[in-house]
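Chemist:
Number of protein chains: 2
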Amino acid sequence: MNKETLIAVKERIQPYIHRTPVLTSQLLDDLSGAKLFFKCENFQKMGAFKMRGAANAILSLSDEERQKGVVTHSSGNFAQAVSLAAQKLGVKAYIVMPKNAPQVKKDGVKTYEGEIIECESTPQAREATAEKIQNEKGASFLHPSNQDEVIYGNSTVAMELLEDHPDLDVVLAPIGGGGLIAGTALAVHNFATNCKVIGGEPMEVDDAYRSMISGKIETNKTFNTVADGLRTHLGDRNFPIIQKYVDKIIRVEEDEIIQAMQLIWERMKIIIEPSCAVPFAALLKNKEEFKNKKVGIILSGGNVDVKNLPF
Amino acid sequence: MNKETLIAVKERIQPYIHRTPVLTSQLLDDLSGAKLFFKCENFQKMGAFKMRGAANAILSLSDEERQKGVVTHSSGNFAQAVSLAAQKLGVKAYIVMPKNAPQVKKDGVKTYEGEIIECESTPQAREATAEKIQNEKGASFLHPSNQDEVIYGNSTVAMELLEDHPDLDVVLAPIGGGGLIAGTALAVHNFATNCKVIGGEPMEVDDAYRSMISGKIETNKTFNTVADGLRTHLGDRNFPIIQKYVDKIIRVEEDEIIQAMQLIWERMKIIIEPSCAVPFAALLKNKEEFKNKKVGIILSGGNVDVKNLPF
Numbered sequence: 001m002n003k004e005t006l007i008a009v010k011e012r013i014q015p016y017i018h019r020t021p022v023l024t025s026q027l028l029d030d031l032s033g034a035k036l037f038f039k040c041e042n043f044q045k046m047g048a049f050k051m052r053g054a055a056n057a058i059l060s061l062s063d064e065e066r067q068k069g070v071v072t073h074s075s076g077n078f079a080q081a082v083s084l085a086a087q088k089l090g091v092k093a094y095i096v097m098p099k100n101a102p103q104v105k106k107d108g109v110k111t112y113e114g115e116i117i118e119c120e121s122t123p124q125a126r127e128a129t130a131e132k133i134q135n136e137k138g139a140s141f142l143h144p145s146n147q148d149e150v151i152y153g154n155s156t157v158a159m160e161l162l163e164d165h166p167d168l169d170v171v172l173a174p175i176g177g178g179g180l181i182a183g184t185a186l187a188v189h190n191f192a193t194n195c196k197v198i199g200g201e202p203m204e205v206d207d208a209y210r211s212m213i214s215g216k217i218e219t220n221k222t223f224n225t226v227a228d229g230l231r232t233h234l235g236d237r238n239f240p241i242i243q244k245y246v247d248k249i250i251r252v253e254e255d256e257i258i259q260a261m262q263l264i265w266e267r268m269k270i271i272i273e274p275s276c277a278v279p280f281a282a283l284l285k286n287k288e289e290f291k292n293k294k295v296g297i298i299l300s301g302g303n304v305d306v307k308n309l310p311f
Numbered sequence: 001m002n003k004e005t006l007i008a009v010k011e012r013i014q015p016y017i018h019r020t021p022v023l024t025s026q027l028l029d030d031l032s033g034a035k036l037f038f039k040c041e042n043f044q045k046m047g048a049f050k051m052r053g054a055a056n057a058i059l060s061l062s063d064e065e066r067q068k069g070v071v072t073h074s075s076g077n078f079a080q081a082v083s084l085a086a087q088k089l090g091v092k093a094y095i096v097m098p099k100n101a102p103q104v105k106k107d108g109v110k111t112y113e114g115e116i117i118e119c120e121s122t123p124q125a126r127e128a129t130a131e132k133i134q135n136e137k138g139a140s141f142l143h144p145s146n147q148d149e150v151i152y153g154n155s156t157v158a159m160e161l162l163e164d165h166p167d168l169d170v171v172l173a174p175i176g177g178g179g180l181i182a183g184t185a186l187a188v189h190n191f192a193t194n195c196k197v198i199g200g201e202p203m204e205v206d207d208a209y210r211s212m213i214s215g216k217i218e219t220n221k222t223f224n225t226v227a228d229g230l231r232t233h234l235g236d237r238n239f240p241i242i243q244k245y246v247d248k249i250i251r252v253e254e255d256e257i258i259q260a261m262q263l264i265w266e267r268m269k270i271i272i273e274p275s276c277a278v279p280f281a282a283l284l285k286n287k288e289e290f291k292n293k294k295v296g297i298i299l300s301g302g303n304v305d306v307k308n309l310p311f
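Sequence order for the protein chains is A and B. With the first letter of the first sequence counted as 1, position 279 gets the number 279 in UniProt numbering; the numbers rise by one all the way through. With the first letter of the second sequence counted as 1, position 99 gets the number 99 in UniProt numbering; the numbers rise by one all the way through.
#1: Counting only beta-carbon atoms, is Ile270(B) nearer than 8 angstroms to chain A?
#2: I want to verify the contact list: residues of chain B whose CB lies under 9 angstroms from the CB of Val306(A), in sequence order.
#3: With a threshold of 8 angstroms between beta carbons, is Phe43(A) in contact with chain B?
#4: Between the alpha carbons of Val205(B) and Ile198(B), how many angstroms are there, rounded?
#5: Note down the Cα distance separating Leu168(A) from Asp148(B), rounded to an integer number of angstroms.
#6: Quick one: grab the DSSP three-state call for His73(A).
#7: Tell me which same chain residues have a C-beta within less than 6 angstroms of the C-beta of His233(B), skipping the five on either side of it?
#8: How would you write the range of the beta strand (DSSP E) that Arg251(B) sits in, first residue to last?
#9: Measuring only the C-alpha atoms, how far is Arg279(B) from Ile297(B)?
#10: Quick one: give me the first and last residue of the beta strand (DSSP E) that Glu149(B) is part of.
#11: Is any heavy atom in the ligand FAD found nearer than 7 angstroms to the beta carbon of Ser140(A)?
#12: Where does Met1(A) fall in DSSP's three states?
#13: Can you find a C-beta in chain A that's less than 8 angstroms from the C-beta of Gly302(B)?
#14: Whose C-beta lies closer than 6 angstroms to the C-beta of Thr20(A) among residues of the same chain, with five residues either side of it excluded?
#15: On the premise that Ser155(A) lies in contact with Thr193(A), defined as a C-beta separation below 8 angstroms, what is that separation, rounded to the nearest angstrom?
#16: Below 8 angstroms on the Cβ atoms is my contact criterion, and I expect Ser74(B) with Glu113(B) to pass it. Report the Cβ-Cβ distance as a whole number of Å.
#17: Looking at chain A, which residues of the region 44-62 of chain B have a Cβ within less than 7 angstroms of any of its Cβ atoms?
#18: What did DSSP end up calling Phe280(B) once you bin it into helix, strand or coil?
#19: Throw me the rounded Cβ distance for the Ile116(A) and Lys106(A) pair, which I believe falls under 8 angstroms.
#20: Would you mind working out which of Ser214(B), Tyr209(B) and Val157(B) sits nearest Ala187(B), comparing C-alpha positions?
#21: So what does Cys195(B) bridge to, in DSSP terms?
#22: Name the residue from Glu4(A), Gly47(A), Ala128(A) and Ile175(A) whose alpha carbon lies nearest to the alpha carbon of Val252(A).
#23: Only counting runs of 3 or more residues, tell me where the beta strand (DSSP E) segments fall wholly within the region 200-268 of chain B, in order along the chain.
#24: Is it right to say Thr24(B) is buried, meaning 16 or more other beta carbons lie within 10 angstroms of its own, or is it exposed?
#25: Provide the residue span of the beta strand (DSSP E) that contains Met46(A), from first to last.
#26: Residue range of the beta strand (DSSP E) that Ala173(B) falls in?
#27: Can you give the beta carbon distance from Ile270(B) to Ile270(A), rounded, assuming they're within the 8 angstroms contact cut?
#28: Is DSSP giving Glu120(B) helix, strand or coil here?
#29: Where does Tyr16(B) sit, in a helix, a strand or coil, going by DSSP?
#30: Does the distance from the C-beta atom of Val71(B) to that of Ala130(B) stay below 8 angstroms?
#31: Mind checking whether Gly69(B) and Ala139(B) have CB atoms under 8 angstroms apart?
#32: For a test of the three-state rule: what should DSSP assign to residue 318(A), helix, strand or coil?
#33: Smallest Cα separation from Ile264(B): which of Glu289(B), Asp29(B) and Thr5(B)?
#34: Which residue marks the beginning of the beta strand (DSSP E) containing Lys39(A), and which one marks its end?
#35: Where Arg267(A) and Gln14(A) are concerned, what is the direct C-alpha to C-alpha distance, given to the nearest angstrom?
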């Protein structure tokens, strides 16, 4: 993977995504002691950065592959991203979802004409069902975070951010399945100088933090975090990138996540998911480390149930 | 009042305010059948358009007047706007507030170093207390909506909107005390051609709608609306402007306001006050009238208690 590959990816997906704005806030700068640049993927199409990886993954398929469709198992933003990207490209999308997935998630997929295939609510059932569709339909499987083309698509978030603000000292991103932070790290490695990459992770699901220490992919036993987008594990495609190019992972407590989320809502007047608040919470927890630094913060998405907020 | 006056106002307040962005949304365009341009005063300093009128009113005072300070009675956004504008201009601000005003509103004023003077929670007590401060301190009284310099400051919202999008067919604004819609109407009259001005008003406090019919300033007997910024009455300075230059007022029900607010939160991922949702609710209620039109919608502010939402 080199610069040219990433530049080609960025050009390729450009017609299918928004170039999202980078917002600043004097109030939050004063509060944090750093100069903050928020990359607003909550304003991305379908409300999250996932659109970028999904679009790139589908665009990288051959015509023949596209005719047979794509399949993923996800009950979150990636399901909507694949549905929308597939719809825009005239490709059939099969979305494997647990029977008990919230209606609002199912409706999101239906809006973009994704075909929902219901299964039992276990990882085994999901994988088996997706595999069945691959075999029966010849559909290409898309993974939300552990696939090269998805990771490269994600890189375009930080590429745009660095185009707008080339002299950042640090870029912060949340860590869930590892796809966003890996893409971010590749972008920073290729397009910035003297810029660190730091991940934010909930203490309750600190598998990535522990993986960095042990040198192998660790898992979580429980998933008690409000940051519902970060409950997944690293994979064999993104972990080596994270090991190589991510400088550090900062863990935060649940109340710190909720407080950071509320601050962004109240001060910036924008809606972000709890997962997005994790990197900002990490910065607030370590103010000294970031003091007077130029810090890019990736706000990964804004799909949240406004009738069921954590504050 | 002519073009040159408004242009001078715009230049004068420019160092003290944000030029706020105009956002669009394909989803809401599709939903409404119109082409919508949202002028985001929820991103304004202190979170509302009120900063513009407050800044202009203080800037129009003489040096001698500024030394004696300013006074207003408000428990809403104007109190914060006067405090912040006064702070920036090195002027003392006295804010008369009812004893039982929410702590969050008091804290907002204190953040900007406004001095709170508490009084009983009646209009009479507020006016008497403000008058006492005028007499004792020689402070200049600033009215939230019924003062020429405040109205002219408000005009700059639509002036900016029309600079960005000169060919709008309609501009929609909410009607409360009448200061924003009057300022908007002056701007559209002076800087647009073939562009209508339409107000949105809650059915529960439809004093402006009734005033337009009767030709005199009507009042409300009850104030049962979620749009807390729109519970005030028109005044003798803004009503003649509204009569002359506002084409129409559309009234909306409470559930329509809440639904419109939720749509903007969920689809645009931005935080707006209930009052802001009123013009969009008016448009959704009258889709045929706005079909295929280019419609500017003023989102007046974003100061809302995120722990106490109407949905």
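All C-beta atoms, glycine included, are put in the ideal place defined by N, C-alpha and C.
Modeler: For this structure:
#1: It does; some Cβ of chain A falls within 8 angstroms.
#2: Gln262, Trp265, Glu266, Leu309 and Phe311
#3: yes
#4: Rounded to the nearest angstrom, the two C-alpha atoms are 17 angstroms apart.
#5: Here the C-alpha atom of Leu168(A) lies approximately 45 angstroms from the C-alpha atom of Asp148(B).
#6: strand
#7: Asp207 and Thr219
#8: Lys248 to Val252
#9: Here the sequence assigns Pro to residue 279(B), which means Arg is not the residue at that position. Each residue's alpha carbon lies about 7 angstroms from the other.
#10: Where Glu149(B) is concerned, there is no enclosing beta strand (DSSP E), although the alpha helix (DSSP H) it sits in stretches over Asp148 to Asp164.
#11: Of the ligands one can find in the structure shown there are none, so the ligand FAD has no counterpart to examine.
#12: coil
#13: Chain A contact via Cβ: present.
#14: Cys40, Glu41, Phe43 and Gln44
#15: Between Thr193(A) and Ser155(A), the beta carbon gap of about 17 angstroms keeps them out of contact (Cβ cut-off 8 angstroms).
#16: The pair is not a contact, with the Cβ atoms about 16 angstroms apart (cut-off 8 angstroms).
#17: Gly47
#18: helix
#19: Separation of the CB atoms of Ile116(A) and Lys106(A) is rounded to 6 angstroms, and the pair is thereby assigned contact status at 8 angstroms.
#20: Closest option to Ala187(B), Cα to Cα, is Val157(B).
#21: Answer is none; Cys195(B) lacks a bridge partner.
#22: Ile175(A)
#23: Counting only runs of 3 or more residues that sit fully inside the region 200-268 of chain B, the beta strand (DSSP E) segments are 248-252, in chain order.
#24: exposed
#25: Judged by DSSP secondary structure, Met46(A) falls outside any beta strand (DSSP E); it is assigned neither H nor E.
#26: Val170 to Pro174
#27: 6 angstroms
#28: coil
#29: helix
#30: yes
#31: yes
#32: Not covered by the structure: residue 318(A). The range shown for chain A is 1 to 311.
#33: Asp29(B)
#34: Lys39(A) -> beta strand (DSSP E) spans Lys35 to Cys40.
#35: 30 angstroms
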